[in-house]
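Structure first, then comments.
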Amino acid sequence: MSFHGTDLGRVHLQRLEWLEQSKGDVVAGLAHYPTGCHVPEHRHSLSQLLHAMTGVVMVTTKFGRWMVPPHHALWLPAGIGHAVDMLGDVAMHSIYVRPAAVAGLKSHLHVVALTPLMDTLIREVVASPAAEQASPRTTFMMGLLLHEIPNLEERPLGLPFPDDTRLATLCRGFLKDPSPRTNIDNWADRLGMSRRTFTRFFRRETGLSLSTWRQQACLLSALPRLTEGEAVTSVALDLGYNSVPAFTTMFKRMLGAPPRNYLHSAA
């Protein structure tokens with residue numbers, strides 16, 4: 044299914060209607076989106092494993108932003124309102140799952156790394172013709188896929204947002220102008236808190252330390268630019284890192300590989 048220009052709204056509504064009327068514990072779909080495409084906020088009664096084969100997908104919810112680069116997927120629990128933006132031309136697999144379909148399905152929104160097994164299962168299930176959905180082979184693959192979802196490893200590509208208005212304003216300002224030099228003392232002073240009080244407050248609001256949140260915000264800024272082919276040096280310096288090695292160290296710690304190796308693997 045492809046979405047283009049004015050067709051987006053109509054086709055999207057048709058897709059949601061089709062989804063809500065579907066039967067079975069697992070529903071698989073494929074969609075193509077042009078770069079810059081925006082899918083307005085919506086929700087559905089099934090949970091969704093969103094897998095971008097090409098391009099980078101940015102998902103925005105009231106809880107924050109999540110980015111889905113190649114070889115990753117987003118687990119989106121049922122009922123959560125979300126909007127989607129496409130960074131680059133996107134080919135997207137979606138696996139929709141009924142919330143009670145299998146034990147162990149997580150109730151929080153997060154990004155996961157796809158294993159080779161899961162990647163193959165998604166492709167096979169999505170490619171299965173409708174006439175073969177009930178065949179023993181497809182039924183077996185869907186069952187295995189369903190049981191693999193709870194075992195996928197979480198990756199720090201989400202950026203939860205606080206409920207507190209003042210803190211949310213600081214966080215949104217950081218997204219517009221990210222810098223690794225942002226520190227606890229600066230933000231604590233701006234909110235009129237002690238360092239200790241602010242540290243507890245920030246973790247309570249976001250579930251993360253400011254240092255971890257800041258690094259993930261920098262990744263959100265860096266990955267789309269790197270995916271589009273921008274030089275690592277340029278991205279690192281624009282984000283305020285004093286050197287490429289410092290940026291590379293952060294990148295490797297967060298994603299398990301330096302930028303060039305990570306992007307080569309994704310390609």
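Residue numbering for the sequence shown follows the working numbering, beginning at 44 and increasing consecutively.
Beta carbons: idealized from backbone N, C-alpha and C, even for Gly.
Check                                                                                                          : Outcome
With 16 other Cβ atoms within 10 Å as the buried cut-off, status of residue 160                                : exposed
Exposed unless 16 or more other CB atoms sit within 10 angstroms - verdict on residue 180                      : exposed
Segment contact flag, the stretch 214 to 233 with the stretch 124 to 134, C-beta cutoff 8 Å, min 3 pairs       : no
Touching by the beta-carbon criterion (3+ pairs, under 8 Å), the stretch 294 to 302 and the stretch 221 to 240 : no
Every unbroken beta strand (DSSP E) inside the stretch 69 to 149 [3 residues or more]                          : 69 to 76, 81 to 85, 90 to 104, 107 to 111, 115 to 119, 125 to 140
Environment of residue 224 [buried if 16+ CB atoms lie within 10 Å]                                            : exposed
Sequence ranges, alpha helix (DSSP H) only - wholly within the stretch 269 to 305, length at least 4           : 275 to 281, 287 to 298
Backbone secondary structure at residue 189 - three-state DSSP                                                 : helix
Status (buried if at least 16 other CB within 10 Å, exposed otherwise) for residue 254                         : exposed
Residue 224 - DSSP class collapsed to helix/strand/coil                                                        : coil
Local Cβ density within 10 Å of residue 48, reported as buried at 16 or more and exposed below that            : For residue 48, the predicted model reports a pLDDT of 43, less than 50, meaning its position is unreliable; a value from the coordinates is still stated below. That one is exposed.
Buried or exposed (CB count within 10 angstroms, at least 16 for buried), residue 177                          : exposed
Segment limits, alpha helix (DSSP H) that includes residue 203                                                 : First-last for residue 203: 201 to 203, but that is the beta strand (DSSP E), not the alpha helix (DSSP H).
Cα-Cα separation, residue 149 to residue 93                                                                    : 15 Å
Whole-angstrom distance between residue 113 and residue 290, CA atom to CA atom                                : 21 Å
Distance between beta carbons of residue 270 and residue 131, contact taken as under 8 Å                       : 6 Å
For residue 134 and residue 60, the rounded distance between their alpha carbons                               : 21 Å
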